[in-house]
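Right, one structure below, let's go through it.
Protein chains: 2
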Amino acid sequence: MQDVRLTPTSYVVLGLIDQVGQATPYDLKRLVSISVGYFWSLQHAQLYSEPERLTRAGYLTEEREEGGRRRKRYALTERGREALAAWRAQPPDDLAELREPALLKLFFGADRKELATAQLEAHRRRLAEYEAVREQMPPRTPEGSRLTLEAGIRHEHTWIAFWREVAGG
Amino acid sequence: MQDVRLTPTSYVVLGLIDQVGQATPYDLKRLVSISVGYFWSLQHAQLYSEPERLTRAGYLTEEREEGGRRRKRYALTERGREALAAWRAQPPDDLAELREPALLKLFFGADRKELATAQLEAHRRRLAEYEAVREQMPPRTPEGSRLTLEAGIRHEHTWIAFWREVAGG
DNA sequence: CCTATCATGTAATCCGTTACATGATTAT
DNA sequence: ATAATCATGTAACGGATTACATGATAGG
């Protein structure tokens, strides 16, 4: 059993498997795309390699389906559950940075009007998607989903106001 | 001369060298820390490796100081200037994701009150820093700096409002 | 039927982070 | 003087992205 560093990716995998009990990499892919993927997306290839890593380190068990596609199906071990709980209870790490490519362009002298117009449209589209998701949220959606989506929506509003001013100035 | 993919890191290096004419890795480190570093920070080691990469691909020239520390000093080539201009003119890539670790914790069931309190304090501190920078901005600061800082400040406000409600609900 | 897209997975590459180092200044 | 921090750089590692592959399903 080998030591690995637990990254945010690790906790996404652990957290999702915790929510659903067990999952194949493809299950994880779909789960990510309808949940945390809105603010923290992952490449599908990582949903194959990351569970392997976590299994090597004793956080997950792996069992292969007999016959058919012989999928690998993962579940939490006790160690995995503990790691997840410890992470949840820890004070959060450093704050995220904006890391917005468009801001880099703005900083390095791109045409403001053009840039702002393109950004405005992209953010409006994204806001519309988020709002559509919110409308269709079933009644008993967990608070975590609801709140993270809410955070996303607010940031979209902030971006829209920002780029509108940049475009208009 | 070797092909390399140009990443955001590449454009930070190209953009900064474009602004100052020429720079050593250590110059770049300081430049980043007082400019784009507020929303797009880089490890100092990358400011050694990235210019090498860019030089291998013909975007920069490298010359070594004689004597002393024999620092490497980089400057843009024509190809580098063109690449930077092309990037500036391109429509922006995909929008950034929030990728906020605290949101992951919220999503996966961390204690809302505790989490929100910690985040509130961290964001308040960061907002104060940004505002201090804004106060001390010299008169003729380029619009790019001013606007990107403004974007940062607004997002901090958004976060503060969000976490305040999460804490209060 | 044939083609496009979805489902599912592995392998290779490489950028970014972390660890390691050491000479020069500054502070006490 | 000595410790601490700044200045400056290299090397190793590993997580994340990209490329490569192929069987299944659905649409036209």
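The listed protein sequences derive, respectively, from chains G and L. Residue 10 in numbering that gives the first Met the number 0 sits at position 11 of the first sequence; the count goes up by one each step and never skips. Residue 115 in numbering that gives the first Met the number 0 sits at position 116 of the second sequence; the count goes up by one each step and never skips. Where a beta carbon is used, it is the ideal one built from N, C-alpha and C, also for glycine.
**Asked** When every heavy atom of the ligand ZN is checked, does at least one fall within less than 6 Å of the C-beta of L:A22?
**Response** This structure does not include the ligand ZN; it has no bound ligands of any sort.
**Message:** I need the straight-line Cα distance from G:E51 to G:R72, nearest angstrom please.
**Reply:** Position 52 of the first sequence, counting from 1, holds the residue named residue 51 of chain G. Position 73 of the first sequence, counting from 1, holds the residue named residue 72 of chain G. The alpha-carbon atoms of G:E51 and G:R72 are separated by roughly 11 Å.
**Prompt:** Mind checking whether L:E61 and L:T8 have CB atoms under 7 Å apart?
**Reply:** Working through the second sequence from its first residue, we reach residue 61 of chain L at position 62. Working through the second sequence from its first residue, we reach residue 8 of chain L at position 9. Going by C-beta atoms, L:E61 is not nearer than 7 Å to L:T8.
**Terminal residues of the beta strand (DSSP E) in which G:E177 lies** = Coverage of chain G is limited to positions 0 through 168, which leaves residue 177 of chain G absent and any answer about it impossible.
**Message:** For a quick check, are the C-beta atoms of G:L27 and G:L5 less than 7 Å apart?
**Reply:** Locating residue 27 of chain G in the first sequence gives position 28, where the first residue counts as 1. Locating residue 5 of chain G in the first sequence gives position 6, where the first residue counts as 1. Result no, Cβ atoms of G:L27 and G:L5 do not sit closer than 7 Å.
**Asked** The alpha helix (DSSP H) with L:L97 in it runs from where to where?
**Response** Residue numbering aside, residue 97 of chain L sits at position 98 when the second sequence is read from its first letter. Segment: none, L:L97 is in no alpha helix (DSSP H) and carries neither H nor E.
**Asked** Any idea if G:I33 is buried or exposed, counting beta-carbon neighbours within 10 angstroms, 16 or more meaning buried?
**Response** Residue mapping note: residue 33 of chain G aligns to position 34 of the first sequence, counting from 1. Classification of G:I33: exposed, given that the 10 Å Cβ count is below 16.
**Chain-ordered chain G contacts of L:V31 [CB-CB under 8 Å]** = Numbered from 1 along the second sequence, position 32 holds the residue referred to as residue 31 of chain L. Simply none; closest approach about 11 Å.
**Prompt:** Taking C-alpha atoms, which residue in G:G36, G:V3 and G:R55 lies nearest to G:L15?
**Reply:** Translated into positions along the first sequence, residue 15 of chain G becomes position 16. It is G:G36 whose Cα lies nearest to the Cα of G:L15.
**Asked** Just by C-beta distance, which residues in the segment 87–99 of chain G are closer than 9 Å to chain L?
**Response** R87, A88, Q89, P90, P91, D92, D93, L94, A95, E96, L97, R98 and E99
**Message:** Taking the alpha-carbon of G:G143 as reference, which of L:A109, L:F161 and L:L41 has the nearest alpha-carbon?
**Reply:** For the purposes of this step, residue 143 of chain G is taken as the residue at position 144 of the first sequence. For the residues L:A109, L:F161 and L:L41, the minimum Cα distance to G:G143 belongs to L:A109.
**Message:** Beta-carbon within less than 7 Å of G:G151's beta-carbon, same chain only, minus the 5 sequence neighbours each way: which residues are those?
**Reply:** Here residue 151 of chain G refers to the residue found at position 152 when the first sequence is read from its first residue. Around G:G151: Y37, F38 and Y129.
**Inter-residue CB distance, G:L94 and L:R125 (contact presumed, cutoff 8 Å)** = Locating residue 94 of chain G in the first sequence gives position 95, where the first residue counts as 1. Locating residue 125 of chain L in the second sequence gives position 126, where the first residue counts as 1. Confirmed, about 6 Å.
**Message:** Considering only the alpha carbon of each residue, which of G:L119, G:R123, G:R111 and G:W86 lies closest to L:L105?
**Reply:** The count along the second sequence starts at 1 and reaches residue 105 of chain L at position 106. Closest by alpha carbon: G:W86.
**Prompt:** How is the beta strand (DSSP E) around G:R70 delimited, first residue to last?
**Reply:** As a position in the first sequence, residue 70 of chain G is number 71, starting the count at 1. Run containing G:R70: none; DSSP gives neither H nor E here.
**Prompt:** Which chain G residues are close to L:L102, counting only those with a beta carbon under 7 Å from its beta carbon?
**Reply:** Reading the second sequence from its first residue, position 103 is the one you call residue 102 of chain L. Under the 7 Å cutoff, chain G gives F38, T147 and A150.
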